[in-house]
Structures are given as C-alpha cells and as structure tokens.
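>
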Amino acid sequence: MQVRQDKLTQWRHEGQAYPNHFRRDALAGDLQARYGDMDALALEQEPIQARLGGRLMTRRVMGKASFADIQDQSGRIQLFVSRDALGEEHYARFKALDFGDIIGVEGTLFRTKTGELSLKVHSLQLLSKALRPLPEKWHGLSDAETRFRQRYVDLIVTESARRTFQIRAETVAALREGLRQRGFFEAETPMMHAIPGGATARPFMTHHHALDMTLYLRVAPELYLKRLVVGGIEQVFEINRNFRNEGISTRHNPEFTMLEWYEAYADYRDAMDLTETLIRAAAQAALGGTQIQYQGLEIDLGKAFVRMSVSESVRAHNPDLADADLRDPEVLAAKLTQLRVPCEASWGWGKRLIEIFEKTVEGHLQQPTFITEYPLEVSPLARRNDLDPEVTDRFELMIAGRELANGFSELNDPEDQAARFRAQVEAKDAGDEEAMFYDADYIRALEYGMPPTAGVGLGIDRLVMLLADQPSIREVILFPHLRPE
RNA sequence: GGGAAUGUAGCUCAGUCGGUAGAGCAGCGGCCUUUUAAGCCGUGGGUCGCGGGUUCGAAUCCCGCCGUUCCCA
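Anchor point for the first sequence: position 471 equals 471 in UniProt numbering, and the numbering is continuous, going up by one each time.
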C-alpha cells in the first residue's frame with residue numbers, strides 16, 4: 001500500500017491524479033455480445049473502435065507487449081497493450097499500474113491467436129488509483145465477514161455475488177411491473193410509527209427530540225396500506241423495509257424487505273392466484289424459467305401450487321391425531337409436550353395447533369404449498385371464515401420448508417377488529433412482547449367503511465434466497481447487519 | 001440465550017510434541033512482443049483477534065473478552 005501511495009504522489013506531481021474528462025462509448029459485455037461471433041478477418045476489414053473505462057483485474061506482461069483484463073459493470077474484456085502502439089513512456093506507465101486501478105482505454109477490436117476478442121489499445125490513462133490491493137485473483141474473497149463488511153470488495157471480485165444482486169433487482173422489478181400492469185398504485189407509507197402495528201413482532205424504539213416522544217420503526221406497513229384502501233386507493237402496494245427487534249439468523253435480518261399489496265373486491269383465494277402468478281413471473285424474469293434448484297432440491301414453480309388447510313396438513317404429518325383432537329387444548333398440550341415444545345397455559349387451541357404445525361409440518365413443505373384456514377387466535381387482522389368462525393380466510397405460502405408469503409381476506413368489520421385489538425392488548429399486558437397495540441385511528445378508518453379486500457405480504461429477501469439459490473439471508477442483502485468492527 | 005467451529009502476511013491457507021513464524025498469489029528489482037492462474041531469476045513483508053495465566057520458553061496449553069460462521073431456542 002505504501003508503494004501505491006508513492007505512485008499516487010508521483011501522479012499528483014505529474015498532473016491531474018483524478019481526471020474527470022474521460023468518456024466511454026462502449027461496455028465490455030456489450031462488445032462481447034455484439035462482436036463475439038465476428039471472425040478475425042472481418043474485424044480486420046471493418047475495424048471497430050471503442051473507448052472503455054474499467055478496473056484493471058489481471059495483467060500478463062511479456063516484455064514489450066502485454067495482455068490485461070479490465071472489468072466494468074457489464075463484464076470483462078481483454079486488452080492488448082504494446083510498446084509499439086503506446087510508445088516507450090506510456091508503456092512504462094502501463095507497467096507501473098496496479099491491479100484494481102481504474103483506467104480509460106481507447107483501441108480497436110481484434111482477435112488474438114487463440115481467438116479471444118480483445119482490444120488493441122492505442123491510448124490509455126489512469127483515472128483513479130487503487131491504493132488498497134484487491135484479494136487474490138484465483139481464490140477471491142472467501143472470508144464471509146469481510147465479504148459482508150466490505151461488500152464493495154466482494155462485488156469487485158465475486159462474480160456470484162454480482163449475479164445474486166442482479167437476480168434481486170430483476171425479481172423486484174418483475175413484481176413491481178406485474179402489479180403496475182394490473183392497475184396497482186405504488187405507495188410509500190410511514191417507516192416511523194407512533195403505534196406500531198400490522199404484525200405480531202417486537203419493534204425497535206427510537207425517540208423524537210423536538211416532539212419528545214417515543215416512535216417505533218415499523219414492523220409492517222399493513223395498517224397504513226389498508227387506510228389507503230379506505231381512502232379509495234383500491235389496489236395498492238408497497239415494496240419497502242420492515243424492522244423487527246428479534247434474533248438474527250440465516251433467515252432473519254433486523255431490517256428486511258417486504259412487498260405488501262391490497263386489492264378491493266377480492267378474497268384470499270384471488271390473492272393466492274395472484275401470489276402464484278407474480279412469483280412465477282419473477283422467476284421467469286430473473287432466471288428465464290420456473291424450474292429451479294434450491295440447495296440441491298428441485299422446485300417446480302410452474303405447476304399449480306398445492307392448497308391445503310392447516311388442519312389437513314397437521315393430520316397428514318401426525319397420524320396419531322384425530323380431527324376432533326385438533327380443537328382439543330388438552331390433547332394438543334400433550335402433543336406439544338411429546339414434541340418437547342413448552343406449552344403456555346394462556347395459549348388457546350389455535351396457538352397450540354400452529355406450534356405443532358411449525359414443528360412437524362412446515363419444514364417438510366418443499367414444493368410450493370398454500371396452507372389455509374389459520375386459527376383466529378393467531379390471525380388478529382384476518383376475516384373470519386363464514387362456515388367456521390374459529391378460523392380465518394387466510395393462507396401462508398410455503399416453499400423449501402419456509403414461509404414465503406402470508407395473505408388473507410381483510411377484516412373490515414370495525415367492531416370485530418376492535419375486539420381483536422383488545423385481545424392483543426391483554427396478551428401484551430400479560431407479557432407478550434410481540435403482541436399488538438390498540439390502534440384507535442385504524443378502527444376509526446374502518447368505521448368509514450373498507451370495501452371487501454384481500455391482502456398479501458411477500459418476503460422479498462426470502463424469495464430472492466430461493467431464486468438465487470442462497471442458503472443465508474446475508475447473501476441477498478447488500479449490507480447485512482453485523483456488529484461494529 | 002445455549003452449543004459447535006473459527007480468527008496466523010494485502011488475499012487463500014499450512015504451522016507436528018511447547019523450542020528463532022512458513023507457502024502460493026499479490027508487492028518490489030530484473031528477463032521476456034499472442035498471454036489468459038503466463039513463465040523464469042532475485043527479494044522485502046507479521047500486534048499469530050485482544051487481555052491475563054502456566055512455563056526457562058506460548059501461534060501452540062489454561063482462563064476471560066471480542067468478532068465471525070453454522071446448528072438449536
């Protein structure tokens with residue numbers, strides 16, 4: 001690094017060390033795509049000139065001529081640099097460059113003896129000095145901590161990381177486009193809530209100095225988006241961050257990205273249809289197909305997703321339980337004890353059943369499966385089922401053993417909603433950190449009348465993990481949370 | 001929160017039984033006009049995560065702390 005520092009000082013003395021006048025007219029990847037098929041003779045007869053900017057990644061100096069690779073956002077291309085073409089002084093300067101330096105080159109495309117499309121460089125200049133050395137070219141950067149802390153280095157040297165974030169960008173774009181095409185309106189609702197709501201989760205707290213009040217980072221945008229439905233924005237969505245003050249793991253980051261959408265005059269079955277369609281379209285856009293591999297597992301997003309109720313799925317994986325047992329708190333408690341899950345006395349049959357579901361079913365649902373009819377107890381914002389008021393018109397989508405989306409027919413009865421909030425407040429008073437607050441303004445909004453509506457929340461990070469075949473959420477978040485160095 | 005693994009040169013990694021800290025790549029000085037992990041000759045580079053302890057002597061053994069990774073809650 002000291003040597004590079006000295007070189008920079010030298011450059012400063014010789015003139016402009018960080019010039020800003022260079023303009024490129026081509027990208028490496030575009031040249032490869034456009035002229036990759038042109039043979040040597042054709043390139044000679046019809047010379048293609050190009051100006052490229054990029055980072056010097058490799059160099060092979062063979063005396064008076066050299067090869068080098070530069071990388072830009074589109075990819076790489078090989079340069080052929082010779083003393084004859086540049087002159088003694090400029091060639092010496094080229095040899096004094098370091099890996100990682102950002103240079104501008106101008107030259108003519110040609111094909112080498114081995115047939116590689118390359119740029120014969122006529123002129124070359126240093127645009128920005130790399131004072132720190134890049135990781136080794138062969139092994140790259142493998143230390144996960146450095147990859148996440150110094151993502152900028154990771155992105156320079158790790159092709160697979162660039163690909164993952166490309167998939168992420170394509171996925172988000174496809175979801176946004178799919179909703180916009182269907183007439184949905186994109187909204188941005190508050191990230192800072194006086195009353196956090198919309199999910200059962202522990203919030204982060206912060207303080208507003210001028211107002212001298214506690215504010216919470218949102219755990220979900222749900223209640224604000226539904227206020228917009230009341231306001232007449234009948235198809236609305238938001239793609240943005242949520243914050244949950246809970247454990248960190250390969251599947252949880254304190255801030256994560258969620259897509260939520262709401263559609264009036266639709267129910268949870270319509271919502272399942274759209275969920276399925278959007279995920280399929282996202283896979284198609286990001287990967288070019290719906291047949292995917294996740295950690296060695298073949299997953300088919302092209303086939304119709306299976307739909308089954310919580311009860312059906314629990315029965316299927318627990319043959320020792322009869323239908324009637326699923327509503328019997330005592331039997332469920334015994335089952336939990338058998339599964340070595342501590343069962344709290346305050347839990348009703350619904351909460352107990354869901355614990356059994358999570359322990360015995362969830363992990364087995366590899367292929368896309370909608371699980372429906374969640375107990376009312378664990379669904380404080382979902383509409384009651386008309387035939388069975390103890391369950392709700394709700395679903396969760398499971399793929400590769402994980403929850404990917406959650407949706408339901410929205411509860412638009414303000415009196416029922418007020419009662420559900422009161423039950424949540426009771427749970428909170430009893431010590432449940434994740435229970436919801438009573439949101440009086442939300443009840444007031446519902447009292448103006450919300451049309452029958454369905455809504456869905458889809459975890460973007462988890463979808464990207466699936467599509468990019470990544471085992472950890474940290475691989476799909478550019479700057480995952482780490483403790484300070 | 002519990003358990004396991006891990007931290008050594010810029011990067012990727014060795015380091016045996018406790019006895020002067022190593023390799024490859026990168027760097028630096030040379031040679032080399034079609035290479036692609038280019039090659040050949042020469043050469044510099046360390047807070048062994050941090051703090052304590054045991055010992056004549058600690059990268060190595062013990063204790064504590066910090067970071068990271070994975071598993072579990």
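Note that CB positions come from ideal geometry on N, CA and C, so glycine has one too.
What is the C-beta distance between residue 407 and residue 456, in whole angstroms, given that I count them as a contact (C-beta under 8 angstroms)?
3 angstroms
> If we ignore side chains and look at the alpha-carbon of each, how far apart do residue 188 and residue 64 end up?
59 angstroms
> Determine the extent of the beta strand (DSSP E) in which residue 45 is found, giving its start and end residues.
Per DSSP, residue 45 belongs to no beta strand (DSSP E); it is in the alpha helix (DSSP H), 40–45.
> Pick from 54, 112 and 83: whose alpha carbon is nearest that of residue 41?
112
> Can you tell me whether residue 369 is helix, strand or coil according to DSSP?
strand
> Between residue 259 and residue 467, how many whole angstroms is the CB-CB distance? I'm expecting something under 8 angstroms.
No, residue 259 and residue 467 are not in contact; Cβ-Cβ is about 14 angstroms, not under 8 angstroms.
> What did DSSP end up calling residue 11 once you bin it into helix, strand or coil?
helix
> For the beta strand (DSSP E) that residue 246 lies in, which residues bound it at each end?
It is not in any beta strand (DSSP E) - residue 246 carries neither H nor E in the DSSP assignment.
> Determine the DSSP secondary structure at residue 375, reduced to helix, strand or coil.
Reduced to three states, the DSSP call for residue 375 is strand.
> Mind reading off the beta-carbon distance from residue 68 to residue 58? Whole number of angstroms is fine, and I expect it under 8 angstroms.
6 angstroms
> Taking 7 angstroms as the threshold (C-beta atoms), are residue 360 and residue 376 in contact?
no
> Count the other CB atoms within 10 Å of the CB of residue 479; is the residue buried (16 or more) or exposed (fewer)?
Of the other Cβ atoms in all chains shown, fewer than 16 fall within 10 Å of the Cβ of residue 479; this residue is therefore exposed.
> If you measure between the beta carbons of residue 141 and residue 121, is that distance less than 7 angstroms?
no
> Please go through the same chain and pick out, in chain order, the residues whose beta-carbon is closer than 8 angstroms to the beta-carbon of residue 95, but skip the five residues on each side of it.
61 and 66
> Between which two residues does the beta strand (DSSP E) containing residue 125 stretch?
117–128
> In angstroms, rounded to a whole number, what distance separates the CA positions of residue 194 and residue 437?
The straight-line gap from Cα to Cα measures roughly 10 angstroms.
> Grouping DSSP H, G and I as helix and E and B as strand, with all else coil, what is residue 347?
coil
> In terms of residues, what are the limits of the beta strand (DSSP E) holding residue 313?
Here residue 313 belongs to no beta strand (DSSP E); instead the alpha helix (DSSP H) covers 310–317.
> If you run the structure through DSSP and keep just helix, strand and coil, what is residue 272?
helix
> Which residues in the same chain have their Cβ closer than 8 angstroms to the Cβ of residue 128, if we skip the five residues on either side of it in sequence?
18, 101 and 102
> Is it the case that the Cβ atoms of residue 379 and residue 268 are separated by a distance below 7 angstroms?
no
> Could you say which of 395, 386 and 353 lies nearest to residue 373 if we only look at CA atoms?
Selection 395, 386 and 353 evaluated against residue 373 yields 395 as nearest (Cα-Cα).
> From this set, 84, 135, 243 and 119, which residue's C-alpha is nearest residue 43's C-alpha?
Across the set 84, 135, 243 and 119, the C-alpha of 119 shows the shortest separation from the C-alpha of residue 43.
> Look up residue 331 in the DSSP assignment and say whether it is helix, strand or coil.
Reduced to three states, the DSSP call for residue 331 is helix.
> Name the one or two DSSP bridge partners that residue 213 has.
208
> Assign residue 138 to buried or exposed, taking buried as 16 or more other Cβ atoms, counted over all protein chains shown, within 10 Å of its Cβ.
exposed
> What residue range is occupied by the uninterrupted beta strand (DSSP E) comprising residue 53?
49–62
> List the residues that DSSP assigns as beta-bridge partners of residue 294.
Its beta-bridge partners are 297.
> Within a Cβ cutoff of 7 angstroms, which residues of the same chain sit near residue 313, ignoring the five residues on either side of it in sequence?
357, 361 and 371
> How big is the Cα-Cα spacing for residue 261 and residue 176?
10 angstroms
> Excluding five sequence neighbours on each side, which residues of the same chain lie with their C-beta closer than 6 angstroms to the C-beta of residue 183?
235
> In its own chain, which residues sit with a C-beta less than 6 angstroms from the C-beta of residue 106, not counting the 5 before and 5 after it?
51, 122 and 123
> Just curious, the alpha helix (DSSP H) that residue 473 is in, first and last residue?
First-last for residue 473: undefined, no H or E at that position.
> Using the three-state DSSP reduction, which class does residue 239 fall into: helix, strand or coil?
strand
> Express the C-alpha separation of residue 75 and residue 414 in angstroms, rounding to a whole number.
One C-alpha to the other measures close to 56 angstroms.
> Give the single residue among 458, 178, 340 and 325 whose Cα lies nearest to the Cα of residue 240.
Of the listed residues, the one whose Cα sits closest to residue 240 is 458.
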